[in-house]
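Asks: Note that the numbering used here gives residue 118 to position 118 of the sequence shown, counting from 1, and the numbers run on in steps of one.
Sharing a structure, written as structure tokens. Questions coming.
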Amino acid sequence: MMVEQAALRLEAVGRHYEQGENRLTILDEAEMMISPGEMVALVAPSGAGKSTLLHIAGLLDRPDTGEVYVGGEACGTLGDDRRTAMRRQAIGFVYQFHHLLPEFSALENVMMPQMIMGLKHGEAASRAQELLDYMRIGKRSHHRPAELSGGEQQRVAIARAVANSPHVLLADEPTGNLDPTTSSYVFDALTALVRQSGVAALIATHNHDLAKRMDRAITLENGKVVPLDMG
Numbered sequence: 001m002m003v004e005q006a007a008l009r010l011e012a013v014g015r016h017y018e019q020g021e022n023r024l025t026i027l028d029e030a031e032m033m034i035s036p037g038e039m040v041a042l043v044a045p046s047g048a049g050k051s052t053l054l055h056i057a058g059l060l061d062r063p064d065t066g067e068v069y070v071g072g073e074a075c076g077t078l079g080d081d082r083r084t085a086m087r088r089q090a091i092g093f094v095y096q097f098h099h100l101l102p103e104f105s106a107l108e109n110v111m112m113p114q115m116i117m118g119l120k121h122g123e124a125a126s127r128a129q130e131l132l133d134y135m136r137i138g139k140r141s142h143h144r145p146a147e148l149s150g151g152e153q154q155r156v157a158i159a160r161a162v163a164n165s166p167h168v169l170l171a172d173e174p175t176g177n178l179d180p181t182t183s184s185y186v187f188d189a190l191t192a193l194v195r196q197s198g199v200a201a202l203i204a205t206h207n208h209d210l211a212k213r214m215d216r217a218i219t220l221e222n223g224k225v226v227p228l229d230m231g
């Protein structure tokens, strides 16, 4: 079954955990839809189910009930191989810590996911340099992560996440380790990339100033995804 329009859609998603004789409900028929080129802030307190939502949306975990659509494709019944392929090709991940490979340069880190997908070395290098230039870090492309500042490392991580032109970008506190000025700069670069590429971005953050700069904000209440008014 194909669902058009939304780059990411969660339909009646439920996730439960058994604790002895008790059932702990994390998500309860949660519904969410994000369009191409849209930036949505996920603002929720610890323990509300934010990580569970991101893991299910990113096909790292399966819901107990409901369906997840990525780029219009229903992913609930996909086998492990297809889910892995979807994560590599259709979903980009950015975490609070950059997770760059320390022995490789910035350019090589951005090339890596493209070469895993079968792109030739020259094409991957060209695409990687283009992304690093767009993120205003092109002049540092041959530096290893340890030679880059925190903001530079995170911009490389964002470039790597979108290297395969995914439908969806999932970011978990992508500026959480940065000072306010660097955080704003990295967020500006991320925003420009989202607008230019048309990727749908779901960004978990506790930073209300950044959340206000996105298209809209959502939160989790009693296992449901609900709109959040950032005022």
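Ideal Cβ placement from N, Cα and C applies to all residues, glycine included.
If we require 4 or more residues per run, which alpha helix (DSSP H) segments fall completely within the stretch 154 to 199?
Replies: Segments of the alpha helix (DSSP H) lying fully in the stretch 154 to 199: 180 to 197.
Asks: With DSSP run on the structure shown, which of helix, strand or coil describes Tyr134?
Replies: For this step, residue 134 is matched to residue 134 along the sequence shown. The answer is helix: DSSP assigns Tyr134 an H, G or I state.
Asks: Have a look at Pro113 and Pro166 and give me their C-alpha separation to the nearest angstrom.
Replies: Position 113 of the sequence shown holds residue 113. Position 166 of the sequence shown holds residue 166. Taking the straight line from one Cα to the other gives about 11 Å.
Asks: Output the distance between the C-alpha atoms of Glu4 and Gly66, rounded to the nearest integer angstrom.
Replies: Taking the first residue of the sequence shown as 1, we reach residue 4 at position 4. Taking the first residue of the sequence shown as 1, we reach residue 66 at position 66. Low local confidence applies: a pLDDT of 49 at Glu4 is under 50, so the model's placement there is unreliable, and no value is given.
Asks: Give a yes or no on whether the C-beta atoms belonging to Asp172 and Tyr95 are separated by under 9 Å.
Replies: Along the sequence shown, one-based indexing puts residue 172 at 172. Along the sequence shown, one-based indexing puts residue 95 at 95. In contact: Asp172 and Tyr95 (Cβ atoms closer than 9 Å).
Asks: Is it a yes or a no for the stretch 40 to 54 touching the stretch 197 to 212, going by three-plus beta-carbon pairs under 8 Å?
Replies: yes
Asks: Skipping 5 residues on each side, what residues in its chain have a beta carbon closer than 8 Å to that of Met117?
Replies: As a working note, residue 117 is residue 117 in the sequence shown. Correct list, in chain order: Arg88, Gln89, Asn164.
Asks: Nearest to Pro180 by CA position, among Ala106, Asp209, Val194, is which residue?
Replies: For the purposes of this step, residue 180 is taken as residue 180 along the sequence shown, with counting starting at 1. Per the Cα distances, Asp209.
Asks: Which one of Ser35, Gly71, Asn22, Tyr17 has the shortest CA to CA distance from Thr52?
Replies: Here residue 52 refers to the residue found at position 52 of the sequence shown. Taking only the C-alpha atoms, the option nearest Thr52 is Tyr17.
Asks: For Val43, name the three-state secondary structure that DSSP assigns.
Replies: The sequence position of residue 43 within the sequence shown is 43, counting from 1. Three-state result, Val43: coil.
Asks: Mapping the DSSP letters down to three states, classify Val3 as helix, strand or coil.
Replies: Along the sequence shown, one-based indexing puts residue 3 at 3. Since pLDDT at Val3 reaches only 42, below the 50 mark, its modelled position is unreliable, and the value read off the structure follows with that caveat. In the structure shown, Val3 falls within a coil segment according to DSSP collapsed to helix, strand and coil.
Asks: According to the neighbour-count rule (16 or more other Cβ atoms, all chains shown, within 10 Å of its Cβ), is Arg15 buried or exposed?
Replies: What you label residue 15 is simply residue 15 of the sequence shown in a count that begins at 1. Arg15 comes out buried.
Asks: Taking Cβ positions, are Gly49 and Ile26 nearer each other than 9 Å?
Replies: By 1-based counting over the sequence shown, the position of residue 49 is 49. By 1-based counting over the sequence shown, the position of residue 26 is 26. Yes, Cβ-Cβ distance for Gly49 and Ile26 is below 9 Å.
Asks: From the DSSP secondary-structure annotation, give me the bridge partner or partners of Ala204.
Replies: In the sequence shown, residue 204 corresponds to position 204, counting from 1. Paired residue(s): Leu42, Asp172.
Asks: Per DSSP, which residues does Arg15 bridge with? Please list them.
Replies: Stepping through the sequence shown from its first residue, residue 15 is reached at position 15. Beta-bridge pairing links Arg15 to Leu27.
Asks: Return helix, strand or coil for Thr77, following the three-state DSSP convention.
Replies: Within the sequence shown, the letter at position 77 stands for residue 77. Correct three-state label for Thr77: coil.
Asks: Where does the unbroken alpha helix (DSSP H) through Ala146 begin, and where does it stop?
Replies: As a working note, residue 146 is residue 146 in the sequence shown. No alpha helix (DSSP H) contains Ala146, which DSSP labels as neither H nor E.
Asks: Roughly how many angstroms lie between the CA atoms of Thr191 and Gly198, to the nearest whole one?
Replies: What you label residue 191 is simply residue 191 of the sequence shown in a count that begins at 1. What you label residue 198 is simply residue 198 of the sequence shown in a count that begins at 1. Rounded to the nearest angstrom, the two C-alpha atoms are 10 Å apart.
Asks: Which same chain residues, not among the five before or five after Ala128, have their C-beta less than 6 Å away from its C-beta?
Replies: Within the sequence shown, the letter at position 128 stands for residue 128. Around Ala128: Leu107, Val110, Met111.
Asks: Is Met214 helix, strand or coil when you go by DSSP?
Replies: For the purposes of this step, residue 214 is taken as the residue at position 214 of the sequence shown. Taken through DSSP and simplified to helix, strand or coil, Met214 comes out as coil.
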